[in-house]
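To start, the structure itself, in structure tokens.
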Amino acid sequence: MSKPIGKIMVYIDGTEQSITAAQYAICLASFSGAELIAHYVINTKAMEDLLKAKIFLADEQLEYERDMKADAERYLNYVNELAIAKGITITKKLSSGSVNKEIIDAVRNERIDLLVVGELSHIRSRRDEFYDETERAMRSAPCSVLIVKDADRVWELYESLV
Amino acid sequence: MALINLVEEKIIKIPLASKDKPDVIRELVRILKDAKEIDDFNGALKAVQDREDKQSTGLTDGIAVPHAKTSAVTRLKLAIGISPRGIDFDSMDRQPSKLFFLLLASPNMSGPHVEALAEIAKISRSKSLCNALVSAKNAREVVQLLTGD
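Chains Y and Z supply the protein sequences, listed in that same order.
When we follow our numbering, the leftmost residue of the first sequence carries the number 41, and every step to the right adds one.
When we follow our numbering, the leftmost residue of the second sequence carries the number 1481, and every step to the right adds one.
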């Protein structure tokens, strides 16, 4: 029988929740021996929408894209350090486009068994305009999805890893 | 969901008192100052004015989205102002702007800033929601409209 979880992908978006998800994913990788990928998506689709809506100037779009790439690299490096500290190897994956589509494509292309995401924010609006991209990916992912909650417990678990 | 988490009555003003663009920018930043969301009023105001100097954020159909990155804030800040009579904001269609979304972000928060702006862009495409917002009688009604309650 093959391992139920051979490859885990954790989605990182710079939120505290996604960092907690990364800590939990590191624990899972440590316990299961699964391969671990940390994926950050730069939401260039949103930036293109803003340019089309004339909310962004062209040079403003480039500036934000640069800033977002720097943020993405910073967070992926941080998650990498978290993994190294616990003797886990992590593959950093950075892509850009529509968050939902990039996550789903990565799950398919990388043959991911388990997608790990941070706790979703409370639903404060029932309006379609405020849908959550991560929630959309969670709903449409072709693999099992784990939503990580309880940051304190996860931190204790992560800290207890040798 | 970046935007909706910022929506609360204290950052909404109806009706705006301003009659022209410089005043309305000042009034919107003042909403955040009065709500104790920012300390550095002048720093925030200058950032928004500098962005407006490059190109007006007055869109079409009565919507304006003044925004800026500024170290005057450490988190994303939103103010909503509504002027049912409209204010000349140098908009793309030369029509008065009635619905104003002011968004301020710290320089290292580009991701949430872009997400929140994208959500405003989605709101701006919903004519029925925009009309309802402009017709809202008070801040509570705006919150209810945006939360869908």
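In this text, a Cβ means the ideal position worked out from N, Cα and C, and glycines have one as well.
Query raised in the report: Do Z/D1570 and Z/S1536 have their C-beta atoms closer together than 9 Å?
Result: Numbered from 1 along the second sequence, position 90 holds the residue referred to as residue 1570 of chain Z. Numbered from 1 along the second sequence, position 56 holds the residue referred to as residue 1536 of chain Z. Yes; because the gap between Cβ atoms is below 9 Å, this pair is in contact.
Query - Backbone CA spacing between Y/G127 and Y/A191 [nearest angstrom] - result: Taking the first sequence and counting its residues from 1, one reaches residue 127 of chain Y at position 87. Taking the first sequence and counting its residues from 1, one reaches residue 191 of chain Y at position 151. Those two C-alpha atoms are separated by around 21 Å.
Query raised in the report: How close, in whole Å, do the beta carbons of Z/L1496 and Z/E1507 come, if the pair is a contact with beta carbons under 8 Å?
Result: Translated into the one-based positions of the second sequence, residue 1496 of chain Z becomes position 16. Translated into the one-based positions of the second sequence, residue 1507 of chain Z becomes position 27. Indeed, because the Cβ distance is near 6 Å, the residues count as touching under 8 Å.
Requested in this report: Can you pull the chain Y residues whose beta carbon is under 7 Å from the beta carbon of Z/Q1535, in chain order?
Outcome: In the second sequence, counting from the first residue as 1, residue 1535 of chain Z sits at position 55. Correct list: L97.
**Report entry** Beta-carbon proximity list for Z/I1511, same chain, < 7 Å, skipping 5 on both sides
**Finding:** On the second sequence, residue 1511 of chain Z is found 31 positions in, with the first residue counted as 1. Taken in chain order, the residues that qualify are I1491, K1493, A1559, G1561.
Requested in this report: Using a Cβ cut-off of 9 Å, pull out every chain Z residue sitting near Y/A61, in sequence order please.
Outcome: One-based indexing of the first sequence puts residue 61 of chain Y at position 21. Near Y/A61 there are no residues of chain Z at all, since even the closest Cβ is about 16 Å away, more than 9 Å.
Report task. For the alpha helix (DSSP H) holding Y/F71, just list the boundary residues, first then last. Result -> Counted from its first residue, the first sequence places residue 71 of chain Y at position 31. Element bounds for Y/F71: 56-72.
Query raised in the report: Of all the residues that make up the stretch 73-95 of chain Y, which are near chain C by a beta-carbon distance shorter than 7 Å?
Result: Of the protein chains in the structure, Y and Z, none is chain C.
Query raised in the report: With Z/F1580 and Z/A1619 assumed to form a contact (beta carbons below 8 Å), what rounded beta-carbon distance in angstroms separates them?
Result: Taking the second sequence and counting its residues from 1, one reaches residue 1580 of chain Z at position 100. Taking the second sequence and counting its residues from 1, one reaches residue 1619 of chain Z at position 139. Not confirmed; about 14 Å, so no contact.
Report task. Indicate the three-state DSSP secondary structure (helix, strand or coil) for Y/L134 in the structure shown. Result -> As a position in the first sequence, residue 134 of chain Y is number 94, starting the count at 1. Strand, per DSSP.
**Report entry** Residue span of the alpha helix (DSSP H) that contains Z/G1591, given as start and end
**Finding:** Within the second sequence, residue 1591 of chain Z is the residue found at index 111, counting from 1. From DSSP, the alpha helix (DSSP H) with Z/G1591 extends over 1590-1605.
Query - Y/A123, buried or exposed, once every other Cβ within 10 Å from all chains shown has been counted against 16 - result: As a working note, residue 123 of chain Y is residue 83 in the first sequence. Buried, since its Cβ has 16 or more Cβ neighbours within 10 Å.
**Report entry** Proximal residues, the stretch 1555-1567 of chain Z versus chain Y, C-beta separation under 7 Å
**Finding:** none
Query - Z/D1541 versus Y/A177 - alpha carbon distance - result: Counting from 1 along the second sequence, the entry for residue 1541 of chain Z is found at position 61. Counting from 1 along the first sequence, the entry for residue 177 of chain Y is found at position 137. Cα to Cα, Z/D1541 sits roughly 32 Å from Y/A177.
Query - 6 Å CB neighbourhood of Y/F96 in its chain, flanking five on each side removed - result: On the first sequence, residue 96 of chain Y is found 56 positions in, with the first residue counted as 1. Cβ neighbours of Y/F96 beyond the five flanking positions: L90.
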